[in-house]
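Beneath this line is the structure, given in structure tokens, with notes to follow.
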Amino acid sequence: MLKKSIQLFSFVIALLVVTSANAETVPDFVDNPAFEVVADDSVTIYDVVDQMPEIDGGIKEVYKNIEYPRAAIAGRVEGRVFVKFVVDENGDVKNPEVIKDIGAGCGQAAVEGIKKVKFTPGKLQGKPVKVYYTLPVSFKINS
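Going letter by letter, the sequence shown gives residues -23 to -1, 1 to 120 in mature numbering (1 follows the signal peptide of the UniProt record, and there is no 0).
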């Protein structure tokens, strides 16, 4: 019994030594949300960068390009729509997606308005990069 316990203990120790010798260290920058580990053939889209994208002309430019849907007006639909998209290196909106909608066509109206707006691109270490961006768009009927 003692001989089997010693063999088992020796096996476990040997396994730990081999496992720790093959372990990879994780660089400090992995904890930084601006960095993502990706395959070499893919493009990185960041969540957080040194300088986040900004709407050229401010939020009013988005609202200038949104037409309140007639169905929403008729149904007195009000609230906020949230649209997530990518601002690319040129400041263009790519892949807009409604992540919270209030219905009656408001989500699609928000997407169409956002697609017409130009952004100042986000920058990481001084270079323009692709950045995820989520924008709330409010719909309110003025009486």
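A virtual CB, placed ideally from N, CA and C, is assigned to each residue, including glycine.
None of the values given here were measured: they were computed from a predicted structure.
Does the distance from the CB of residue i to the CB of residue j come in under 9 Å?
{"i": "Ala49", "j": "Phe96", "result": "no"}
{"i": "Asp24", "j": "Val108", "result": "yes"}
{"i": "Pro46", "j": "Gly82", "result": "yes"}
{"i": "Val106", "j": "Ile91", "result": "no"}
{"i": "Arg57", "j": "Lys77", "result": "yes"}
My output table needs one value for residue i: the three-state DSSP class, helix, strand or coil.
{"i": "Arg53", "result": "coil"}
{"i": "Ile118", "result": "coil"}
{"i": "Val88", "result": "helix"}
{"i": "Pro46", "result": "coil"}
{"i": "Ala16", "result": "Caution is warranted here: a pLDDT of 47 is assigned to Ala16, below 50, making its placement in the model unreliable, and the coordinate value is therefore given only provisionally. Coil at Ala16, not helix or strand."}
How far does the beta strand (DSSP E) with residue i in it extend, from its first residue to its last?
{"i": "Gly99", "result": "99 to 101"}
{"i": "Ile76", "result": "70 to 77"}
In the DSSP assignment, find the alpha helix (DSSP H) that holds residue i and state where it starts and stops.
{"i": "Ala81", "result": "Here Ala81 belongs to no alpha helix (DSSP H), and DSSP marks it neither H nor E."}
{"i": "Lys41", "result": "36 to 41"}
Based on the DSSP secondary-structure assignment, which residues constitute the bridge partners of residue i?
{"i": "Val60", "result": "Val75, Leu112"}
{"i": "Tyr23", "result": "Val108"}
{"i": "Glu31", "result": "Thr97"}
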